[in-house]
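Undergrad:
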Amino acid sequence: MTSATIPHVRYRSDIDGLRALAILPVVFNHMGLRGVWGGFVGVDIFFVISGFLITGNIVAEARAGRYSIAEFYRRRILRIFPALFTLFAVCTVIAAMVMLPSELVRYARSLTAATFFGSNVLFYAETGYFEPAARLKPLLHTWSLAIEEQFYILWPLIIAPLARTRASWVPLVTGAVIAASLAASIWLVGADPSAAYYLLPSRAFELGLGALVATAPPMRLSHRANDLLAWAGLAAIIVAIHSLHAASPFPGALALLPCGGAALLILTGGQGGLVARLLGTAPCVAIGRISYSLYLWHWPVIVFASIGLFLPVTLPVQLGELAVMFGLAIASTRWVERPFRVNAGGWSTRAVLTGAVLAMLGCAAIGATLIAARGFPARFTPAQQAVAAFDGMDGDALYRRGSCFAVGPRMEFAAQSCLAHDRPLPNLLLLGDSHAAQFWPGLSQYGNRFNVLQATHTGCKPLLYAPSADPCRELFRAMLGQWITTNRSDVMLLIARWRLDDLPLLQHTLADPAVRAAHPVLVGPVPQYSSALPRLLVFGSLRHQPDLAFRARDREVEVTDRAMRALAQRSGVAYISMVDLLCDAQSCLTWAAPGVPMQFDYGHFTQAGSVRAADLMMPAIERALEKQRAAAQVAPRDVR
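Using this note's numbering, count along the sequence shown one by one with no gaps and you end on 764.
(1) Buried or exposed for Q652, please, with buried defined as at least 16 other CB atoms from any protein chain shown within 10 angstroms of its CB.
(2) Threshold first: 3 residues or longer. Then list the beta strand (DSSP E) segments lying entirely within the region 518-605, N to C.
(3) Mind checking who L618 pairs with in its DSSP beta bridge?
(4) Measure the C-alpha to C-alpha separation of F450 and S137 and round it to an integer number of angstroms.
(5) Which of the three DSSP states is assigned to V697 in this structure?
(6) For the alpha helix (DSSP H) containing W423, name the first residue and the last one.
(7) Which one of V681, L388, T179 has the shortest CA to CA distance from G332?
(8) Skipping 5 residues on each side, what residues in its chain have a beta carbon closer than 8 Å to that of R601?
(9) CB-CB under 6 Å to H581, same chain, minus the five flanking residues each way: which ones, in chain order?
(10) Report yes or no: do the region 629-640 and the region 469-486 share at least 3 C-beta pairs separated by less than 8 Å?
(11) Starting from A716, trace the alpha helix (DSSP H) in both directions and tell me its first and last residue.
(12) In chain order, what residues of the same chain lie with their CB nearer than 6 Å to the CB of F428, ignoring the 5 residues before and after it?
(13) Under the three-state reduction of DSSP, which class applies to F729: helix, strand or coil?
(14) For P721, which of helix, strand or coil comes out of DSSP?
(15) Per DSSP, what kind of secondary structure is Y653 in: helix, strand or coil?
(16) Going straight from the alpha carbon of E461 to that of I411, what length do you get?
(17) Roughly how many whole angstroms lie between the Cα atoms of R764 and Q757?
(18) Here's a check: name, in chain order, each residue in its chain whose Cβ is nearer than 7 Å to the Cβ of G156, leaving out the five neighbours to either side.
(19) To the nearest whole angstrom, what separates the beta carbons of G499 and L228, a pair I think is in contact under 8 Å?
(20) Could you tell me the alpha carbon to alpha carbon distance between T129 and A560, rounded to whole angstroms?
(21) Can you check whether the CB of A232 is closer than 8 Å to the CB of L420?
(22) Could you check how far apart the C-beta atoms of A238 and T266 are, in whole angstroms? I think they sit under 8 Å.
(23) Can you say whether P812 is buried or exposed, counting buried as having 16 or more other CB atoms within 10 angstroms of its CB?
(24) Who pairs with C408 in a beta bridge, going by DSSP?
(25) Identify whether R689 lies in helix, strand or coil by the three-state DSSP scheme.
(26) Give the single residue among F247, W355, G175 whose Cα lies nearest to the Cα of H347.
(27) Using three-state DSSP, classify Y253 as helix, strand or coil.
(28) Flag this pair as yes or no: are the beta carbons of F514 and P721 separated by less than 8 Å?
(29) For my contact list, D140 and V409 are in at a C-beta cut-off of 8 Å; report their separation, rounded to the angstrom.
(30) In the DSSP output, which residue or residues are listed as bridge partners for R677?
(31) Kindly indicate which residue of I365, L624, D625, M603 has the alpha-carbon position closest to the one of L617.
(32) Assign F254 to buried or exposed, taking buried as 16 or more other Cβ atoms, counted over all protein chains shown, within 10 Å of its Cβ.
(33) Out of F171, L148, Q752, L706, point me to the one whose CA is closest to L446's CA.
(34) Within the same chain, show all residues whose beta-carbon is closer than 8 Å to that of G384, passing over the 5 residues directly before and after it, in chain order.
(35) Here's a check: name, in chain order, each residue in its chain whose Cβ is nearer than 6 Å to the Cβ of C707, leaving out the five neighbours to either side.
(36) Could I get the ranges of all uninterrupted alpha helix (DSSP H) runs contained in the region 299-331, with 4 residues as the minimum, in chain order?
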């Protein structure tokens with residue numbers, strides 16, 4: 125992913141341009157700009173470029189009898205370490221100033237893992253549903269560097285000996301690695317999506333595609349065929365950037381779109397052509413040359429703007445972030461990366477390797493110190509520490525994970541116990557995602573007045589979906605299409621982390637006769653925040669800004685709430701506005717009890733918060749129940 129010139133591989137300006145085509149979508153995607161939901165594929169393009177350049181270098185040196193594994197790692201260190209460890213130093217200082225104790229401990233773990241290029245394994249282990257959000261992990265993007273370095277621990281040991289003794293075998297072995305890794309990736313996308321995303325076995329084929337282009341026998345294409353393949357490669361990348369999104373089963377077979385496109389551009393760029401000339405223009409080359417530093421700095425800028433400065437996601441803020449990213453990238457390239465490249469001959473291999481080991485041990489020592497000190501809680505008062513302790517609490521257990529709250533695609537839903545209604549009480553059916561499950565602790569307090577039934581699944585809204593292989597969608601198809609037709613529902617609460625684009629399918633769902641017969645009550649989105657509520661309360665206290673949480677609320681929730689209220693009114697369905705219950709024009713309810721926040725992250729209730737919310741919404745539930753009872757009493761009887 126570096127922008128360094130690789131020895132023994134002639135410089136190609138179109139590859140620097142391809143780097144620009146890779147880095148800009150990554151940056152824009154992470155900033156949340158519309159139209160680049162698949163911008164994360166820029167990382168995959170980098171993998172292909174890296175596989176091409178570095179494998180070409182290894183093979184060229186091995187065939188010439190000059191390959192040295194020590195020299196290989198010397199060059200890797202000089203290209204990667206200076207900017208990376210500068211980033212570590214700056215991020216650590218800022219993290220110590222703007223993170224809560226638990227957050228600083230998590231940061232220290234990621235620092236240590238990233239230092240030894242194992243952060244992808246750590247982040248894979250941290251993929252539980254209520255793990256801290258990505259915007260609390262300033263080193264999250266180092267997972268891709270870890271993938272590369274893990275690949276280059278093994279790859280030279282395989283390729284260099286073959287290039288010396290069995291050169292014709294190199295493309296065959298590379299093809300076998302690609303096939304095995306691609307098969308693993310396709311399988312893991314279904315079996316363990318996080319493993320497919322973060323771990324080397326399911327990503328190696330992307331570097332392998334670049335390696336195959338570098339080592340396969342050369343092809344001389346006609347100008348027309350070369351141009352057609354180049355345009356096809358560019359189109360494949362653009363389609364991937366525009367069409368893929370966070371929920372796409374990726375990498376798997378879908379990764380062939382951007383990776384195949386990148387491979388085609390590299391393959392055809394060597395012969396020139398219009399696409400290669402476009403990629404080789406001065407602006408593209410300039411961005412490509414700072415792409416490594418831009419990749420390193422862009423994500424921490426976004427993270428610290430959010431958790432340190434509490435800036436909202438607005439266009440002026442995004443433009444400011446973009447300016448800072450590019451400024452840091454240019455400075456890092458000029459004053460950190462370039463001196464080590466220009467003066468590379470001045471340091472012996474021994475000195476470079478020794479310096480690298482010392483830098484890694486130093487970072488590891490800092491990480492260990494932060495962990496041992498428990499994030500230095502003395503930076504905060506005892507009261508602030510008590511509030512901060514709610515950050516990162518186990519919402520899974522609180523909301524009945526593993527039985528009535530299904531987390532992940534392979535977790536079973538225990539229908540027999542979660543939907544039991546054998547007592548002579550009204551049935552209160554709770555349907556939805558984690559934002560519905562969070563009401564369970566509060567509603568369960570009314571177990572003497574209702575049979576409180578729960579069917580909830582992470583990331584899945586209670587809608588009448590089309591047939592799907594998605595387990596969560598099938599759960600709600602079964603509940604709304606079958607269960608409610610054979611079981612009594614006196615009040616059915618439809619709750620989710622609603623967004624405006626849910627409204628068309630929600631309108632269709634509310635119009636269904638079976639759904640209407642189950643007495644639905646639509647519950648709007650709860651107040652949500654740009655950062656975890658406990659940290660907003662702590663830093664609001666620390667900085668004497670009592671309105672910090674209110675200023676950091678997600679304004680989109682209020683827009684969605686108004687649209688849902690109008691939809692419920694048009695559909696003739698009862699509506700409960702959580703925004704109205706929990707907020708007024710000047711503030712939102714942020715404390716469930718003295719010292720106990722309403723929510724433990726951006727929007728999920730603590731136990732006390734759930735009880736408080738349920739108490740506030742219970743009068744509306746009782747009114748809905750009384751209304752449907754009254755309607756049943758005056759309904760015309762079938763007289764025969």
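A virtual CB, placed ideally from N, CA and C, is assigned to each residue, including glycine.
TA: On the basis of the supplied data:
(1) On the sequence shown, position 528 is the one that residue 652 refers to. That one is buried.
(2) Those beta strand (DSSP E) runs which fall completely within the region 518-605 and span 3+ residues are 551-556, 575-581.
(3) Position 494 of the sequence shown holds residue 618. L555, L646, per the DSSP bridge assignment.
(4) In the sequence shown, residue 450 corresponds to position 326, counting from 1. In the sequence shown, residue 137 corresponds to position 13, counting from 1. Computed Cα separation, rounded: 20 Å.
(5) For the purposes of this step, residue 697 is taken as residue 573 along the sequence shown, with counting starting at 1. Coil.
(6) If you number the sequence shown from 1, residue 423 lands on position 299. That run of the alpha helix (DSSP H) goes 415-431.
(7) Locating residue 332 in the sequence shown gives position 208, where the first residue counts as 1. Measuring from the Cα of G332, the nearest candidate turns out to be T179.
(8) Translated into the one-based positions of the sequence shown, residue 601 becomes position 477. Sequence-distant partners of R601 (beyond 5 residues in either direction) whose C-beta falls short of 8 Å from its own C-beta, in its chain, are L588, Y589, P591, S592.
(9) Taking the first residue of the sequence shown as position 1, residue 581 is located at position 457. Within the same chain, H581 has close Cβ partners A530, C596, L599.
(10) Counting Cβ pairs under 8 Å, fewer than three are found: no touch.
(11) On the sequence shown, position 592 is the one that residue 716 refers to. Taken as a continuous stretch (DSSP letters only), A716 belongs to no alpha helix (DSSP H), being part of the beta strand (DSSP E) at 715-717.
(12) Your numbering for residue 428 matches position 304 in the sequence shown. Cβ within range, chain order: I218.
(13) As a working note, residue 729 is residue 605 in the sequence shown. DSSP, reduced to helix, strand and coil, places F729 within a strand of the structure shown.
(14) Translated into the one-based positions of the sequence shown, residue 721 becomes position 597. P721 sits in a strand when the DSSP states are folded into three classes.
(15) The residue you call residue 653 lines up with position 529 of the sequence shown. The answer is strand: DSSP assigns Y653 an E or B state.
(16) The sequence position of residue 461 within the sequence shown is 337, counting from 1. The sequence position of residue 411 within the sequence shown is 287, counting from 1. Their backbone Cα atoms lie some 15 Å apart in a straight line.
(17) For the purposes of this step, residue 764 is taken as the residue at position 640 of the sequence shown. For the purposes of this step, residue 757 is taken as the residue at position 633 of the sequence shown. Low local confidence applies: a pLDDT of 37 at R764 is under 50, so the model's placement there is unreliable, with the coordinate-based value given in what follows. Between the alpha carbons of R764 and Q757 lies a gap of roughly 19 Å.
(18) The residue you call residue 156 lines up with position 32 of the sequence shown. For G156, where only same-chain residues beyond five positions count, the Cβ hits under 7 Å are V437.
(19) Counted from its first residue, the sequence shown places residue 499 at position 375. Counted from its first residue, the sequence shown places residue 228 at position 104. Indeed, because the Cβ distance is near 4 Å, the residues count as touching under 8 Å.
(20) Mapped onto the sequence shown, residue 129 falls at position 5. Mapped onto the sequence shown, residue 560 falls at position 436. Interpretation of T129 is limited by its pLDDT of 37, a score under 50 that renders its predicted location unreliable; no figure is taken from the coordinates.
(21) Your numbering for residue 420 matches position 296 in the sequence shown. Your numbering for residue 232 matches position 108 in the sequence shown. No.
(22) In the sequence shown, residue 238 corresponds to position 114, counting from 1. In the sequence shown, residue 266 corresponds to position 142, counting from 1. The beta-carbon distance between A238 and T266, rounded to whole angstroms, is 4 Å. This is short enough to meet the 8 Å contact definition.
(23) Any property of residue 812 remains undetermined from this structure, which presents the chain solely from 125 to 764.
(24) On the sequence shown, residue 408 is found 284 positions in, with the first residue counted as 1. Paired residue(s): none; C408 is not in a bridge.
(25) Numbered from 1 along the sequence shown, position 565 holds the residue referred to as residue 689. Three-state result, R689: helix.
(26) Indexing the sequence shown from 1 puts residue 347 at position 223. The residue with the shortest Cα to Cα distance from H347 is W355.
(27) As a working mapping, residue 253 is identified with position 129 in the sequence shown. Note that Y253 scores 47 on pLDDT, short of 50, meaning its location in the model is unreliable and no value can be drawn from it.
(28) Translated into the one-based positions of the sequence shown, residue 514 becomes position 390. Translated into the one-based positions of the sequence shown, residue 721 becomes position 597. Yes, the pair counts as a contact, with Cβ atoms nearer than the cut-off.
(29) For the purposes of this step, residue 140 is taken as the residue at position 16 of the sequence shown. For the purposes of this step, residue 409 is taken as the residue at position 285 of the sequence shown. Right, the Cβ-Cβ distance comes to about 4 Å (below 8 Å), so this counts as a contact.
(30) By one-based count along the sequence shown, residue 677 stands at place 553. Answer by DSSP bridge pairing, in chain order: Y653.
(31) Counting from 1 along the sequence shown, the entry for residue 617 is found at position 493. The shortest Cα separation from L617 among I365, L624, D625, M603 belongs to M603.
(32) Here residue 254 corresponds to residue number 130 of the sequence shown, with the count starting at 1. In this prediction, F254 scores a pLDDT of 46, lower than 50, which makes its location untrustworthy; no coordinate-derived value is stated.
(33) For the purposes of this step, residue 446 is identified with residue 322 of the sequence shown, where counting begins at 1. Sorting F171, L148, Q752, L706 by C-alpha distance to the C-alpha of L446 places L148 at the top.
(34) Here residue 384 refers to the residue found at position 260 when the sequence shown is read from its first residue. Excluding sequence neighbours, G384 sits near L333, G357, A360.
(35) In the sequence shown, the residue the question calls residue 707 occupies position 583. Take C707, set aside five residues on each side of it, and the residues of its chain with a beta-carbon closer than 6 Å to its own are P651, in chain order.
(36) Positions of the alpha helix (DSSP H) runs, each at least 4 residues long and wholly inside the region 299-331, are given as 317-322 in order along the chain.
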